[in-house]
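Worksheet: the structure to be examined is printed underneath.
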Amino acid sequence: MIKASNYFDNLNLTQAVDKVLFCIKTKGPISTAVIAKDLNLTGEAARQHLQKLVTLGLVEGAQCMSQTGAGRPRQNWVLTELGHQRFPDTHAQLALQLIDSVRTIFGDEGLERLISQREEESRDKYFARCKGLALPERLAALAEVRSEEGYMAKVEQDNDSWLFIENHCPICAAATVCQNFCRSELTLFSEVVGDEGSVVREQYLLNGAARCVYRVTVKN
1 MIKASNYFDN
11 LNLTQAVDKV
21 LFCIKTKGPI
31 STAVIAKDLN
41 LTGEAARQHL
51 QKLVTLGLVE
61 GAQCMSQTGA
71 GRPRQNWVLT
81 ELGHQRFPDT
91 HAQLALQLID
101 SVRTIFGDEG
111 LERLISQREE
121 ESRDKYFARC
131 KGLALPERLA
141 ALAEVRSEEG
151 YMAKVEQDND
161 SWLFIENHCP
171 ICAAATVCQN
181 FCRSELTLFS
191 EVVGDEGSVV
201 REQYLLNGAA
211 RCVYRVTVKN
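Residue 155 in UniProt numbering sits at position 155 of the sequence shown, and the numbers go up by one each step.
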């Protein structure tokens, strides 16, 4: 694998091109027209930036059908595997080595204790930030603290429910080899929401989705 930090430093991406890359990371698959609109670019400027990213191997086109299924597929843009490395996993190799060491020395039970300890520390942090807030504000506060941790989180209202969206996973390597990290996070989100609603994961990065998306539905 390319050492991401050195590789991207040497690319000298302009701020405008980097913004397009970030836009695709957080909203892809996304069309050229939507990129231009979101970043206040002309269509020609957006196409030039995209061509630069294609040439560098950071993005690629993906054929997507319209929501109605009618008409010809349209081309949207997604990150390539190399493009995802622009938003690196946090200490990925070290995390994998530590997980392997914990399993070797303490077994799966020891690894579960480690995850439980991480969960407890996160619970204290999240509850401190969300205490006393109504559900919408609680979700916004949770998104803020998760973004501080590197998850690029945001909340969007969708009719009578909310979508809690995480556009990046800074522990993806660890989660890939031990999905109990993901189970633990889903438990925490449910606890933050509490008895007021339910939390269901609708999109999952490890299942090939571009991001993790959780639907929060208020209980009647």
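Glycine residues also receive a C-beta, built at the ideal position from the N, C-alpha and C atoms.
- Shortest Cα-Cα distance from Lys125 to any of Glu137, Arg113, Leu135, Ala141 involves Ala141.
- With a threshold of 16 other beta carbon atoms within 10 Å, Leu58 meets it and is buried.
- Counting along the chain, the unbroken beta strand (DSSP E) around Gly197 starts and ends at 197–203.
- Beta-bridge partners assigned by DSSP to Ala62: Asn76.
- The stretch 75–88 makes contact with the stretch 27–40, as at least three CB pairs between them are under 8 angstroms.
- Ranked by Cα distance from Glu120, the options Leu111, Gln51, Leu50, Leu188 are led by Leu188.
- Ala153 and Glu137 do not touch by the CB rule: their CB atoms are close to 15 angstroms apart, not below 8 angstroms.
- Of the residues assessed, Ser184 falls on the buried side of the cut-off, its CB having 16 or more other CB atoms within 10 angstroms.
- DSSP places Thr26 in the uninterrupted alpha helix (DSSP H) bounded by 15–27.
- Excluding residues up to 5 positions away in sequence, Phe189, Ser190, Val193, Tyr214, Val216 lie with their Cβ nearer than 6 angstroms to the Cβ of Val199 in the same chain.
- Asn180 is not a Cβ neighbour of Leu82, given a cutoff of 9 angstroms.
- When the beta-carbon positions are compared, Arg123 and Val145 stay at least 9 angstroms from each other.
- Bounds of any beta strand (DSSP E) do not take in Cys172; it lies within the alpha helix (DSSP H) bounded by 172–177.
- Rounded to the nearest angstrom, the Cβ distance from Cys182 to Leu163 is 17 angstroms, too far for a contact under 8 angstroms.
- The Cβ neighbour count for Arg113, taken over all protein chains shown within 10 Å, is under 16; the residue is labelled exposed.
- By the criterion of a C-beta distance shorter than 7 angstroms, Arg47 is surrounded in its chain by Thr32, once the five residues flanking it on both sides are discounted.
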